[in-house]
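In the numbering used here, the protein residues as written are -14 to 288. Remarks on the structure that follows.
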């Protein structure tokens, strides 16, 4: 196997993913559950080495570019937020302290919005990757997930963004609320029904949630229909609230699998021009852009 040139890292709250890059190709990949939420600052280097130590040549520095929660206040090293409007990627990155002489670790700063207050870490790299793959693209990017984000892009900058706790709300309600007794499985018709309700009357969300429990007790609503309807209600209410973002805009959904499909389905019901893009592809494209920027800076310093 070819020697790698550098390592790309996506380090979230719950997971760590790494890719070994040679030229423009991914030649190695690994992941673990050692996300930021499990680690204290002195433990990050060990968690990384557990995945990549065998990839590192002796007596040589290997550059490692990290995105995500690794740069938070509770992470390896804090990479301060940059205020929007701004380009997704910073001009410079933050160097993380290391003990292993083979490591040269850089962390990408996230973005902040003073009013209304909001922050992102990791998503800015996906946004940069989308722009790298689609030069000159203007519109709105939707990033579904635990904390879904909507970002308005214009002239290569993130103008504004908003975060919704939709995914986390689904997990809390389905696993830790009274609704947990009424939910299991998935039946597609339930999602469509919940989506229509959430889009039409988002202000009735809290009442609609308890209706799921009541219909299960009184009318025999199946757990599979109820669980899918819960997802539709939450996503519908989110999209209704995000209308100032997507109205009159083209939308790119950066996500994976079933969740991205649900957001595309929801937006298509509103005749919004929307297209899905794999999150891994845009993450890697953004990290490659960060690496190119770092090399450019090094060349300028050398000259």
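Glycine included, every Cβ here is placed at the ideal spot set by N, Cα and C.
- Closest in alpha carbon position to residue 189, among 128, 221, 203 and 48, is 221.
- Straight-line measurement puts the Cα of residue 267 at about 26 Å from the Cα of residue 23.
- Of the residues assessed, residue 9 falls on the exposed side of the cut-off, its CB having fewer than 16 other CB atoms within 10 angstroms.
- For residue 262, the enclosing beta strand (DSSP E) has its first and last residue at 259 to 262.
- Taking 9 Å as the cut-off, the Cβ atoms of residue 235 and residue 259 count as close.
- For residue 132, there is no enclosing alpha helix (DSSP H), as DSSP marks it with neither H nor E.
- Linking residue 272 to residue 43 through their CA atoms gives a straight-line distance of about 24 Å.
- Residue 230 sits in a helix when the DSSP states are folded into three classes.
- Partner residues in the beta bridge of residue 98, as assigned by DSSP, are 103.
- Sixteen is the threshold: since fewer than 16 other Cβ atoms of the shown chains lie within 10 Å of the Cβ of residue 243, the residue is exposed.
- Per DSSP, residue 248 is one residue of the alpha helix (DSSP H) stretching across 242 to 253.
- Residue 94 and residue 79 have their alpha carbons spaced roughly 7 Å apart.
- At the C-beta level, residue 209 and residue 200 stay beyond 9 Å of one another.
- Taking the Cα positions, residue 17 is about 44 Å away from residue 203.
- Cβ contact annotation for residue 279 (same chain, cutoff 8 Å, sequence separation greater than five): 48, 50, 78 and 91, in chain order.
- Beta-bridge annotation (DSSP): residue 145 is paired with 137.
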